[in-house]
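Input: a single structure, listed below in structure tokens.
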Amino acid sequence: MDMKKLRAGVFGFGDVAVEYVKALRENSHVDVAAIVGHDPIRTREKVGRLGFDIKVLDTFEQMVQQKDIDIIVITSPHFMHAQETMLAAQAGKHIICEKPIGMDFQEMKRVHKAVKAAGVQFQCGMVLRWNPYIETLKNMIGRGMFGDIFYMEFDYFHKLTSAWNGFSWGGQNRSGGPSASLVAGIHAVDLMRYLGGEVEDVYANGTCGHRTDFEYPPTYIATLKFKNGAVGKTSCSFETESPYLVNSLIHGSKGSVVQDRFFTKEIFPGQTGWQKFETIMPDSGAVSHHPFRFLVNDFIDAIVNERPSMLNIDETYKTHELCMAIDTSIATNGKVTLPLA
Ligand SMILES: NC(=O)c1ccc[n+]([C@@H]2O[C@H](COP(=O)([O-])OP(=O)(O)OC[C@H]3O[C@@H](n4cnc5c(N)ncnc54)[C@H](O)[C@@H]3O)[C@@H](O)[C@H]2O)c1
390 MDMKKLRAGV
400 FGFGDVAVEY
410 VKALRENSHV
420 DVAAIVGHDP
430 IRTREKVGRL
440 GFDIKVLDTF
450 EQMVQQKDID
460 IIVITSPHFM
470 HAQETMLAAQ
480 AGKHIICEKP
490 IGMDFQEMKR
500 VHKAVKAAGV
510 QFQCGMVLRW
520 NPYIETLKNM
530 IGRGMFGDIF
540 YMEFDYFHKL
550 TSAWNGFSWG
560 GQNRSGGPSA
570 SLVAGIHAVD
580 LMRYLGGEVE
590 DVYANGTCGH
600 RTDFEYPPTY
610 IATLKFKNGA
620 VGKTSCSFET
630 ESPYLVNSLI
640 HGSKGSVVQD
650 RFFTKEIFPG
660 QTGWQKFETI
670 MPDSGAVSHH
680 PFRFLVNDFI
690 DAIVNERPSM
700 LNIDETYKTH
710 ELCMAIDTSI
720 ATNGKVTLPL
730 A
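Just so you know, we're using our numbering here: the sequence shown kicks off at 390 and counts up by one.
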């Protein structure tokens, strides 16, 4: 069946936006119709340099008002996401918004409400769900290779410095971050939910390990109790002096997996030691390494086939809520029960 192509507009034109533009252009159902950056002249130069034949508009409002734009992709600084998402939803646009979707719980609730009320499709940037290692783990767990999971760890360690363009507006400051969990710990937090299920309560501690250039604790550790009785741990640090690392460890009633090594007598009764499987690990902080193409393809397919996207607004809300519970626990030094009131 011939279908009219969807038309997308991209807001913010930094490193992540370029990956979204490439991913959208690879999808046969979409054209990228417009880009809005911080400064139209510099954005036009960059669009030309990258060889994209895409119109540059001056403002977000212009892009949202354009009736022939169906999709808005929001990759601007964090503190702008909520307002832009609500405006795009009110204009009836389908939305991809990078994390975080709100700077605090109240703002996130308003975003959730606006997207639900508009009935538009939504996807958030917790892109590790499409990493081949994570897809493999999801499949192994689903097939019962490890039995019932009773212990899970996911950690996100990424030294953040001014090498990231967003460091000054999003890395260091509470007003731009606002916290380690919402800046990037959210990737590991989302995997805890994706592979472990819903969480009942959280207890977390944060610290400034050795860096003094963050307004919030750039390192934290959180223990979680899942609704099914399992326990878990998720941590994050932006001040490690080591390469990027997403760390994982899962124990179940019939086996275990640690990073890319598994042990399961359920499937391999003769197994005598850890077995390594070859895959693409989430082992790079470079956005060109992240599987945005699959995140975009899932979103477009959700629009075309009128089904929920993987990181729809309800899923996104729950992952953000868990991050905010971690932040509340760090701030209050107490256990936090979900859902947040
Ligand atoms: N999902 C992931 O794996 C991942 C990885 C890195 C970053 N991110 C997220 O992507 C988003 C963008 O991060 P980035 O690394 O591309 O940062 P970046 O600094 O490279 O890009 C941000 C862009 O926003 C533009 N901008 C600033 N103020 C603006 C304004 N007032 N109006 C319009 N544009 C404005 C900047 O000029 C810049 O081009 C953030 O939300 C970040 O958390 C996600």
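All C-beta atoms in this analysis are idealised placements derived from N, C-alpha and C, irrespective of residue type, glycine included. Note that the structure is predicted; figures quoted are calculated from it, not measured.
- In this structure, Ile460 places its C-beta atom within 9 Å of the C-beta atom of His483.
- Closest by C-alpha distance to Asp649, out of Glu524, Glu587, Gly565, Val591, is Glu524.
- Secondary structure of Glu589 (DSSP, three-state): strand.
- Straight through space, the alpha carbons of His467 and Glu630 are spaced by roughly 25 Å.
- Ranked by Cα distance from Gln664, the first of Gly644, His679, Phe683 is Gly644.
- Thr726 is bridged by DSSP to Asp590.
- Secondary structure of Lys505 (DSSP, three-state): helix.
- Between ligand 1 and Asp672, a heavy atom-to-CB distance of less than 8 Å is absent.
- Below 8 Å, enough C-beta pairs join the segment 613-628 and the segment 560-577 to call them touching: three or more.
- Rounded to the nearest whole angstrom, the C-alpha separation of Val685 and Glu415 is 10 Å.
- Counting along the chain, the unbroken beta strand (DSSP E) around Met541 starts and ends at 538-546.
- Proximity of the beta carbon of Lys444 to ligand 1 is not indicated: no heavy atom of the ligand is located closer than 8 Å.
- In the three-state reduction of the DSSP assignment, Ile460 falls in the strand class, which pools E and B.
- Closest in alpha carbon position to Ala714, among Ile702, Ala593, Lys622, is Ala593.
- A residue is called buried when at least 16 other Cβ atoms come within 10 angstroms of its Cβ; Met581 meets this threshold and is buried.
- The three-state reading of DSSP puts Ala691 in helix, counting H, G and I together.
- Around the beta carbon of Ala552, a 10 Å sphere encloses fewer than 16 other beta carbons of the protein chains shown; the residue is thus reported as exposed.
- Scanning Val620, Asp457, Cys597, Met452 for the CA closest to the CA of Leu476 turns up Met452.
- At least one heavy atom of ligand 1 is found less than 8 Å from the C-beta of Asn554.
- Per the C-alpha coordinates, the member of Thr596, Val578, Leu446, Cys597 positioned closest to Val588 is Val578.
- Glu408 has its alpha-carbon roughly 17 Å from the corresponding atom of Lys444.
- Thr623 is the residue among His599, Thr623, Gly566 whose C-alpha sits nearest the C-alpha of Val591.
- One Cα belongs to Ile669, the other to Leu526, and the distance between them is close to 12 Å.
- Taken through DSSP and simplified to helix, strand or coil, Asn636 comes out as strand.
- A distance below 8 Å between beta-carbons, with the five flanking residues on each side excluded, links Ala730 to no residue of its chain.
- Measuring C-alpha to C-alpha distances from Ile702 to each of Thr432, Lys488, Arg433 identifies Lys488 as the nearest.
- In the structure shown, Leu395 falls within a strand segment according to DSSP collapsed to helix, strand and coil.
- Across the structure, Lys616 and Gly641 are spaced so that their CA atoms are roughly 16 Å apart.
- Glu487 has its CB nearer than 8 Å to a heavy atom of ligand 1.
- For Tyr609, the enclosing beta strand (DSSP E) covers residues 608-615.
- About 15 Å separates the CB atoms of Ala507 and Ile458; that is not less than 8 Å, and the two are not in contact.
- The three-state secondary structure of Ser673, taken from DSSP, is coil.
- Our two residues, Gly440 and Gly426, have alpha carbons roughly 16 Å apart in a direct line.
- If you keep only unbroken beta strand (DSSP E) runs of at least 3 residues inside the segment 419-458, you get 419-425.
- For the pair of segments examined, the segment 546-561 was found not to touch the segment 691-699: the number of CB pairs separated by less than 8 Å stays below three.
- Residue pairing for Gln512: DSSP places it in a beta bridge opposite Ile485.
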